[in-house]
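To get my numbering, take the position in the sequence shown, counting from 1, and add 67.
In this text, a Cβ means the ideal position worked out from N, Cα and C, and glycines have one as well.
Okay, structure first, notes after.
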Amino acid sequence: MRVPPTTCVAGSPSHLPHIEFAVADAPNQLNTLLAPRYLFQFCVPVRPQKPIWSAKGVALSEKHRLPDLAGLDRETPASERRFADVRMAWAPEGLAFWVDVDGKQQAPWCRETRLDESDGFHVWIDTRATHTIHRASKFCNRFIFTPAGGGRGDAEPLADQLLINRARENARPVRPRELQVVAKTTKTGYRLAAFVPAVAMTGYDPTQQTKMGFNYAVVDRELGLQTFANGPAMPFDEDPSCWATMELVS
Numbered sequence: 068m069r070v071p072p073t074t075c076v077a078g079s080p081s082h083l084p085h086i087e088f089a090v091a092d093a094p095n096q097l098n099t100l101l102a103p104r105y106l107f108q109f110c111v112p113v114r115p116q117k118p119i120w121s122a123k124g125v126a127l128s129e130k131h132r133l134p135d136l137a138g139l140d141r142e143t144p145a146s147e148r149r150f151a152d153v154r155m156a157w158a159p160e161g162l163a164f165w166v167d168v169d170g171k172q173q174a175p176w177c178r179e180t181r182l183d184e185s186d187g188f189h190v191w192i193d194t195r196a197t198h199t200i201h202r203a204s205k206f207c208n209r210f211i212f213t214p215a216g217g218g219r220g221d222a223e224p225l226a227d228q229l230l231i232n233r234a235r236e237n238a239r240p241v242r243p244r245e246l247q248v249v250a251k252t253t254k255t256g257y258r259l260a261a262f263v264p265a266v267a268m269t270g271y272d273p274t275q276q277t278k279m280g281f282n283y284a285v286v287d288r289e290l291g292l293q294t295f296a297n298g299p300a301m302p303f304d305e306d307p308s309c310w311a312t313m314e315l316v317s
């Protein structure tokens, strides 16, 4: 069983731990069989926001920005391009996210009938932070938020719940309109704000449980994939042990 050291990370990317790796004979590539991120179990603080949501969404400040954990994989075969600014906040009412994707020349590819393949923001949440299991429990949720794909002309944003592959038990299905999303396309990408209410997450209770498992993936057919705790080298989309720990701080 993998028992990685726990690494606490401050809210700013500049506070990532300094880690050294052996350099391979080939220039500009590190000698590592595993993605460096996999060697650590990260603990990242999530700061509160009040109000957490409105009809216009939410604009989260820089103090809510999530660190660039994928930066540890740079100069390795698992390296990812960073093209999105991802921010996260919490409140007793639920979790909010703000995503800014930049560097695009094409419109986002989003289809309501093919959500798992659409450009957008994918989120995995385990309200019990159980990193010793490899198959999702009823406390594990997967949500997707897209900047387009709905409404007339597929121009409206979408929010939905997706099943987690190989789950031992599926989470409670969300009801229509429980998940909230607003989005705006720009000349070089899009900005998206999303809200997951407490009722949509089985076991979400910050007064009793201040830690949760978490991972995200910003999927883009043009720019690639940007992930958080682990990337495609590991089964991050179905294995809760691959997710980071998020601590809801005051």
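> Which residue's Cα is closest to the Cα of Ala234: Asp193, Lys251, Pro299?
Replying inline: Along the sequence shown, read from residue 1 onward, the residue named residue 234 stands at position 167. Of the candidates Asp193, Lys251, Pro299, the one whose C-alpha sits nearest the C-alpha of Ala234 is Asp193.
> Looking at Gln293 and Glu147, is the spacing between their C-beta atoms short of 9 Å?
Replying inline: Start at 1 with the first residue of the sequence shown, and residue 147 comes out as number 80. Start at 1 with the first residue of the sequence shown, and residue 293 comes out as number 226. Yes, these two residues count as a Cβ contact at 9 Å.
> If you drop the 5 nearest sequence neighbours on each side, which residues of the same chain put their C-beta closer than 6 Å to that of Asn208?
Replying inline: The residue you call residue 208 lines up with position 141 of the sequence shown. Counting only Cβ-Cβ distances below 6 Å, and skipping sequence neighbours, we find Ile192, Ala238, Met268.
> If we call anything under 9 Å between Cβ atoms a contact, is Val166 one with Arg288?
Replying inline: For the purposes of this step, residue 166 is taken as residue 99 along the sequence shown, with counting starting at 1. For the purposes of this step, residue 288 is taken as residue 221 along the sequence shown, with counting starting at 1. The answer is no: Cβ separation not under 9 Å.
>> Which of the three DSSP states is assigned to Ser128 in this structure?
In response: Here residue 128 corresponds to residue number 61 of the sequence shown, with the count starting at 1. Of the three classes helix, strand and coil, the one that applies to Ser128 here is coil, per DSSP.
> Between the C-alpha atoms of Phe295 and Met301, what's the straight-line distance to the nearest angstrom?
Replying inline: Mapped onto the sequence shown, residue 295 falls at position 228. Mapped onto the sequence shown, residue 301 falls at position 234. Cα to Cα, Phe295 sits roughly 12 Å from Met301.
> Can you check whether the CB of Lys278 is closer than 9 Å to the CB of Glu236?
Replying inline: Working through the sequence shown from its first residue, we reach residue 236 at position 169. Working through the sequence shown from its first residue, we reach residue 278 at position 211. For Glu236 and Lys278, no; Cβs fall outside 9 Å.
>> Can you look up Ala174 in the DSSP assignment and give me helix, strand or coil?
In response: As a first step, residue 174 is located in the sequence shown; it is residue number 107 there, counting from the start. Judged by DSSP in its simplified three-state form, Ala174 adopts coil rather than helix or strand.
>> With a threshold of 6 Å on Cβ separation, who are the neighbours of Leu162 within its own chain once the five nearest residues in sequence on each side are excluded?
In response: As a working note, residue 162 is residue 95 in the sequence shown. Cβ neighbours of Leu162 beyond the five flanking positions: Val263.
> In the DSSP assignment, what residue or residues form a beta bridge with Arg258?
Replying inline: The sequence position of residue 258 within the sequence shown is 191, counting from 1. Paired residues: Asp167, Lys251.
> Is Leu292 helix, strand or coil when you go by DSSP?
Replying inline: Along the sequence shown, read from residue 1 onward, the residue named residue 292 stands at position 225. Strand, per DSSP.
> Looking at C-alpha atoms only, which residue of Val248, Phe107, Lys171 is the closest neighbour of Glu223?
Replying inline: Stepping through the sequence shown from its first residue, residue 223 is reached at position 156. Nearest C-alpha to Glu223: Val248.
> Can you tell me whether DSSP reads Thr312 as helix, strand or coil?
Replying inline: Here the question's residue 312 lines up with position 245 in the sequence shown. Of the three classes helix, strand and coil, the one that applies to Thr312 here is strand, per DSSP.
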